[in-house]
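Read through the structure below, which is laid out as structure tokens, and then see the notes.
Residue numbers (full-length UniProt numbering): 1 to 355.
If you want it as structure tokens, here you go:
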């Protein structure tokens, strides 16, 4: 009799308490890279299982401690400590920049590391009754009630059609105070526009939450300055309370910058689990990788993880320039690459465009 197939665990996004808890607890193991002789002795089923484990591993790969990740952690950790005994006027952090420059990775790693530190400081029993970190995203065209509902959804507070914004907000604040939340991460903050009435009111709601909940608020979004978040009286209040960290693509102009980029690639290359990949061959493609990704850490991760996955599926078990060329990246990276190609052709043949 064939046993029933094992059910996949229910998906819980990061914006729920259960999903966040799994993210904090998740410590993926690095699969052992079997020697060639040992791999040859595997049955077909065993080989498929080995490949599947490596595919799953490369699907997430290692989180690299980039300068942005380190700076966000250092600044966020300092603010949490400074705010610990503040009754009002707590300071916060805003992480902003272009898409793909590691904003979400930086703030979620800050949250994960902070929660692990809380568990270490208090012990498992005392920490079990707390919720040190909250992570929510701002929905498009957010209203104050929509923002309150996002917090309620993370906490698992049921929301009914007739519930008022005030009732939901009070329930959220009361529970977060009871659970001693210390760090509130609010992503996609660019969805709040102070140019609209709803956006201005959502901004006021966020400010109200930060006053009611004795926690450090960390906001992240794409180019939030351009969205008008710092405009007018409301914007000045935000600018006066929050430290700003601007994330940027990795530069490649100077020798130190190129060395830093190579170190990043080397860290990712060391984490690969491919049977025929030659160590150092990916690092030697540093200039090509910068051109392909425009220095964006998100695009670099997508490129290397995608190529590693293909290398397992097609049996090549190695990353080469040809293999990397076969991976299509996000539109921003592809557009930037094509623009650089046109610029080179223009420099080599100034009359090419006119022709």
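Cβ atoms here follow ideal geometry from the backbone N, Cα and C, with glycine treated the same way.
Beta-carbon proximity of residue 298 to residue 100, cut-off 8 angstroms: yes
Counted within 10 angstroms of its Cβ, other Cβ atoms place residue 48 as buried (16 or more) or exposed: exposed
Stretch pair the segment 86–101 + the segment 234–248: three plus CB contacts closer than 8 angstroms: yes
Residue range of the alpha helix (DSSP H) that includes residue 152: 144–155
Residue burial classification, residue 115 (beta-carbon count within 10 angstroms, cutoff 16): buried
Reduced DSSP category for residue 33 - H, G, I as helix; E, B as strand; rest coil: coil
Inter-stretch contact (C-beta, 8 angstroms, three-pair minimum) for the segment 72–85 and the segment 144–158: no
Residue 341 burial status per 10 Å Cβ neighbour count (16 or more: buried): exposed
Opposing strand residues paired with residue 209 [DSSP bridges]: None; residue 209 has no bridge partner.
Local Cβ density within 10 Å of residue 197, reported as buried at 16 or more and exposed below that: exposed
CB contact flag (residue 188, residue 137, <8 angstroms): yes
Contact set for residue 246: own chain, Cβ-Cβ below 7 angstroms, skip 5 residues either direction: 96 and 97
Span separating the alpha-carbon of residue 252 from that of residue 212: 44 angstroms
CB of residue 329 within 8 angstroms of CB of residue 293, strictly: yes
Alpha-carbon spacing of residue 169 relative to residue 184, whole angstroms: 15 angstroms
Endpoints, the alpha helix (DSSP H) within which residue 110 is located: 103–122
Inter-residue spacing [alpha-carbon to alpha-carbon] between residue 326 and residue 148: 44 angstroms
Contact under 8 angstroms by Cβ, residue 28 with residue 53: no
Enclosing alpha helix (DSSP H) for residue 311 [first to last residue]: 297–313
N- and C-terminal bounds of the beta strand (DSSP E) containing residue 187: 183–187
Strand pairing of residue 220, partner residues [DSSP]: 95
Beta-ladder partner(s) of residue 135, from DSSP: 185
With 16 other Cβ atoms within 10 Å as the buried cut-off, status of residue 13: exposed
Neighbourhood of residue 317 by C-beta, 8 angstroms cutoff - its chain only, sequence neighbours within 5 removed: 274, 275, 276, 277 and 311
Distance CB(residue 216)-CB(residue 80) smaller than 8 angstroms: yes
Cutoff 7 angstroms; reference residue 338; Cβ partners in own chain excluding five residues on either side: none
Beta-carbon proximity of residue 144 to residue 182, cut-off 8 angstroms: no
Outcome for residue 56 when other beta-carbon atoms lying within 10 angstroms are tallied against a minimum of 16: exposed
Burial state of residue 205, where buried means 16 or more other Cβ atoms lie within 10 Å: buried
Close Cβ partners of residue 146 (< 8 angstroms) along its chain, the five nearest in sequence each way excluded: 139 and 202
Test item: CB-CB of residue 250 and residue 264 under 8 angstroms: yes
Neighbour-count burial assignment, residue 295, 16 or more Cβ in a 10 Å radius: buried
Cβ-Cβ distance between residue 131 and residue 17 below 8 angstroms: yes
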